[in-house]
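Trainee:
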Amino acid sequence: MARRPSPHSEPASERRHGSFRLRDGAKGLVTSASKVLLVRERHADGTPFWTLPGGGVHRHEDAAEGLRRELGEELNCRARVGRPVTEFWYAHDSLDDTVSVYTVFDCSVLSEPDADQREGIFECRWVDPDALPASTLPQVRHVCQQVADLSASTAGDD
């Protein structure tokens, strides 16, 4: 995530890989009625971007637990976290020499998401995977395209 950690938050699980710190993270591929849930955050320079909800995993958590916590903090909602479906890497501009390795889980929300700006989430929106906002991160665009392709291939199975 692009926001700076709050003073009361526990550090995320990290390890070194060459000159980079790898930070463990989890993102939710939250889908409903052929739509995917995206959240709008801001880079360190204030530029907005769209991504999947989620963030860093704390040292004492597994990835699914971390994702449940992040969804509660960022979107004030409860979620069902299913199986991991993919992963992607993200080089942070707000965290020096840090790359997050996000495990992406199949998810559904159990209550209505509501963006919490205090957590760095400025908006949440259900979008068609074929019509993503222009400022969607390329890695997220790729994951959403896989969802659209899968939906198109299973639609022909009816």
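Numbering-wise (the UniProt record's numbering), the sequence shown opens with residue 1 and increments by one. Just so you know, even glycine gets a beta-carbon here, dropped at the ideal spot from N, CA and C.
Given 8 Å as the limit, is there contact between the region 117-128 and the region 94-105, that is, 3 or more CB pairs closer than that?
Mentor: No: fewer than three Cβ pairs fall under 8 Å.
Trainee: Measure the C-alpha to C-alpha separation of L22 and D149 and round it to an integer number of angstroms.
Mentor: Each residue's alpha carbon lies about 30 Å from the other.
Trainee: Start and end of the beta strand (DSSP E) containing G28?
Mentor: Taken as a continuous stretch (DSSP letters only), the beta strand (DSSP E) holding G28 covers F20 to S32.
Trainee: Looking at the unbroken beta strand (DSSP E) that takes in A79, where does it start and where does it end?
Mentor: From DSSP, the beta strand (DSSP E) with A79 extends over A79 to A91.
Trainee: Which residues in the same chain have their Cβ closer than 6 Å to the Cβ of T98, if we skip the five residues on either side of it in sequence?
Mentor: Here the set comprises R21, R23 and H92.
Trainee: Check whether the region 33-43 and the region 129-149 touch, using three or more Cβ-Cβ pairs below 8 Å as the test.
Mentor: Judged by Cβ distances under 8 Å, the region 33-43 makes contact with the region 129-149, as three or more pairs qualify.
Trainee: DSSP three-state call for P48: helix, strand or coil?
Mentor: Correct three-state label for P48: strand.
Trainee: Between L29, V143 and R141, which has its C-alpha nearest V81's C-alpha?
Mentor: The residue with the shortest Cα to Cα distance from V81 is L29.
Trainee: Look up L37 in the DSSP assignment and say whether it is helix, strand or coil.
Mentor: Three-state DSSP puts L37 in a strand.
Trainee: Would you decide whether R59 is buried or exposed? Buried here means 16 or more other CB atoms lie within 10 Å of its CB.
Mentor: Exposed.
Trainee: Starting from the Cα of A133, find the closest Cα among V85, L52 and W89 and give me that residue.
Mentor: Note on residue identity: the sequence assigns Pro, not Ala, to residue 133. The candidate whose alpha carbon is nearest that of P133 is L52.
Trainee: Going by Cα to Cα distance, which pick from W126, H142, V140 and I121 is closest to G46?
Mentor: Residue I121 is the option with its Cα nearest to G46.
Trainee: T86 and V143 look like a contact to me (Cβ under 8 Å); what is the Cβ gap, rounded to whole Å?
Mentor: Sure, about 6 Å apart at Cβ, within 8 Å.
Trainee: Does E61 come out as helix, strand or coil in the three-state DSSP assignment?
Mentor: E61 falls in the coil class under three-state DSSP.
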